[in-house]
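Encoded as structure tokens, the structure appears first; notes follow it.
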């Protein structure tokens, strides 16, 4: 079925879907019911808006309709009586709701939702998936792809998690400060994963700016909620520093442009300045953690006048600290890159072979290896490494980028 | 909501009556129970005799079959329980963490089903 308002509704869902769902979960207190009701409301919108045009507040209209759909669904359901308290609350909400007067019908409920999704009673992997689905509005299929799972298995996990939240009585709230500890760590991890999903989408489009914006917004909210928490500041600074470079990461043909080839005059200096201020404040507190250290590295890149003039020795040293805090093969790989510029490609290649086993099926490992081999003049081995990296690429843009490199460097030399 | 805190422990890991820790362990239980009562979350709570006293029964084809021992053989055995009345899971977990055996074994927290709507 094609209707004239279809594209507008799609755009609305893309922009406000996550926020609407958060608001509805807050009102209805049931993830599944909120999602089903929003779906009902969107179907209704397709019919009604096509007939009478867009309402004055489309978001308000959808929220009110979804609430009414929820009331209908509760009335029809088998456990009607156990839901009577929710029903009464919803009917009251419906009566008080003034969609036209209400300028922003979505107060920020997303943080509560994130904290609920990141409850330690849920497995960390499922926390991330649930946040991506409920707060950021990613489709179940998209999340399944990112987690290398079948959509059916992912859907089942999400249902189980929602069921646990409802049945085990996990509170829908931001906990008191003394209950933050482990949950704050998960919340920060989830926000960073959302950012990364936008920054280097695991499938489809290479960059999904709206997810980056969303992650930064959430980072700011957590920052407001707990000012003076150095890792929160570190994460916010880190995201801002990456985001400041976002408009130079894609070439005219939509191909990936790495740090080396980016036009540094186009980086958002204002955003970098803001990140610097936040990061300096964090470092003064003397409790450096993973996000702060990564932000320091991003800051060194932001300050370097060119790729060649980057302080690679400093960067390699910070990777040492990072690996000391959290041994991680991806940090090892990044340290190898820094060392290749700070010391030599030859020494870096030797180090790389040592971390190889853990990264055998990780595309960047082979891309880095190919680059080092090119710099050392071993075109035959470089060609093979490029081929391996290309085979492991998730997105078309990434593949194109590597194929171009393969052609450029190995055009003549490789067999 | 009502939550049941099921207390599991391996007998060899928990303080025995002969040990030095046993006295303080039992005092800690008394203090915990007092706290639960004072905070108004305590619905019920009992300790169980050790699992060698357990009898498991099944009814099959109208016949009762009994067996010696607990339902499932495992290192950690059910040793007792509390039932709490709490606002949400976090509150229940907070109280469950005060159960002295949590330090030696494990405490499983589960919401008690509400059948009030079935009547």
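Protein chains in written order, with the working numbering: chain A, 1070 to 1484; chain B, 124 to 242. Note that beta-carbon positions come from the ideal geometry of N, C-alpha and C, so glycine has one too.
- Under the DSSP assignment, residue 237/B falls outside any beta strand (DSSP E); it carries neither an H nor an E label.
- Within the model, the alpha-carbon separation for residue 1209/A versus residue 1198/A is close to 9 Å.
- Below the 7 Å Cβ cutoff, chain B contributes 213 as neighbours of residue 1244/A, in chain order.
- Exclusion of the five residues before and after residue 213/B leaves no residue of its chain whose Cβ lies closer than 8 Å to its Cβ.
- When C-alpha distances from residue 1242/A are compared across 1440/A, 1479/A, 1183/A and 1108/A, the shortest belongs to 1183/A.
- In the DSSP annotation of this structure, the continuous segment of the alpha helix (DSSP H) that includes residue 1181/A starts and ends at 1179–1186.
- By the criterion of a C-beta distance shorter than 8 Å, residue 199/B is surrounded in its chain by 131, 132, 133, 228 and 229, once the five residues flanking it on both sides are discounted.
- Residue 1104/A is classed as buried because its beta carbon has at least 16 other beta carbons within 10 Å across all chains shown.
- Between the region 1417–1429 of chain A and the region 1220–1232 of chain A there are fewer than three inter-stretch CB-CB distances shorter than 8 Å, so the stretches are not counted as touching.
- Residue-level contact by beta carbon fails for residue 127/B and chain A, as no gap is shorter than 8 Å.
- Shown here, residue 125/B sits in a strand according to DSSP, grouped into three states.
- Remark: three or more beta-carbon pairs, one from each stretch, lie closer than 8 Å, so the region 1091–1106 of chain A and the region 1133–1149 of chain A are flagged as touching.
- Our two residues, residue 1251/A and residue 1140/A, have alpha carbons roughly 36 Å apart in a direct line.
- The region 1203–1218 of chain A makes contact with the region 1087–1100 of chain A: 3 or more CB pairs, one atom from each, lie closer than 8 Å.
- Put simply, the region 215–227 of chain B touches the region 133–153 of chain B. At least three CB pairs are less than 8 Å apart.
- Within the region 205–237 of chain B, the runs of alpha helix (DSSP H) at least 4 residues long that lie entirely inside it are, in chain order, 212–219.
- With fewer than 16 neighbouring CB atoms inside 10 Å of its own CB, residue 189/B falls in the exposed class.
- Residue 1190/A reaches chain B at 212 and 216, counting residues in chain order whose Cβ is nearer than 8 Å.
- Taking C-alpha positions only, residue 1283/A is separated from residue 1257/A by approximately 13 Å.
- The residue from 222/B, 164/B and 209/B with its alpha-carbon nearest to that of residue 151/B is 222/B.
- Under a criterion of Cβ atoms nearer than 7 Å, the residues of chain A adjacent to residue 124/B are, in order, 1238.
- Residue 193/B does not reach chain A, its nearest Cβ partner there being about 25 Å away, counting only Cβ pairs nearer than 8 Å.
- Boundaries of the beta strand (DSSP E) around residue 178/B: 178–183.
- DSSP lists no beta-bridge partner residue for residue 1159/A.
- Below the 8 Å Cβ cutoff, chain A contributes no neighbours of residue 147/B, its closest Cβ being approximately 26 Å away.
- Interface annotation, residue 140/B: not in contact with chain A, CB-CB separation never under 8 Å.
- Annotation for residue 1367/A: 1307, 1310 and 1311 place their beta carbon closer than 7 Å to its own, counting only its chain and skipping 5 residues before and after.
- Cβ-Cβ distances below 6 Å link residue 1418/A to 1441 in the same chain, with the five nearest sequence neighbours on each side left out; the list follows chain order.
- The straight-line gap separating the alpha-carbon atoms of residue 1456/A and residue 1471/A is approximately 9 Å.
- The Cβ of residue 134/B sits no closer than 8 Å to any Cβ of chain A.
- Chain A has no Cβ within less than 8 Å of the Cβ of residue 223/B.
- By the CB criterion at 8 Å, residue 1102/A and residue 1142/A fall inside the cutoff.
- One Cα belongs to residue 1289/A, the other to residue 124/B, and the distance between them is close to 34 Å.
- The continuous beta strand (DSSP E) containing residue 190/B extends over residues 186–191.
- In this structure, residue 1439/A lies near residue 1454/A, with their beta-carbon atoms less than 8 Å apart.
- Under the three-state reduction of DSSP, residue 1269/A is assigned to coil, being neither helix nor strand.
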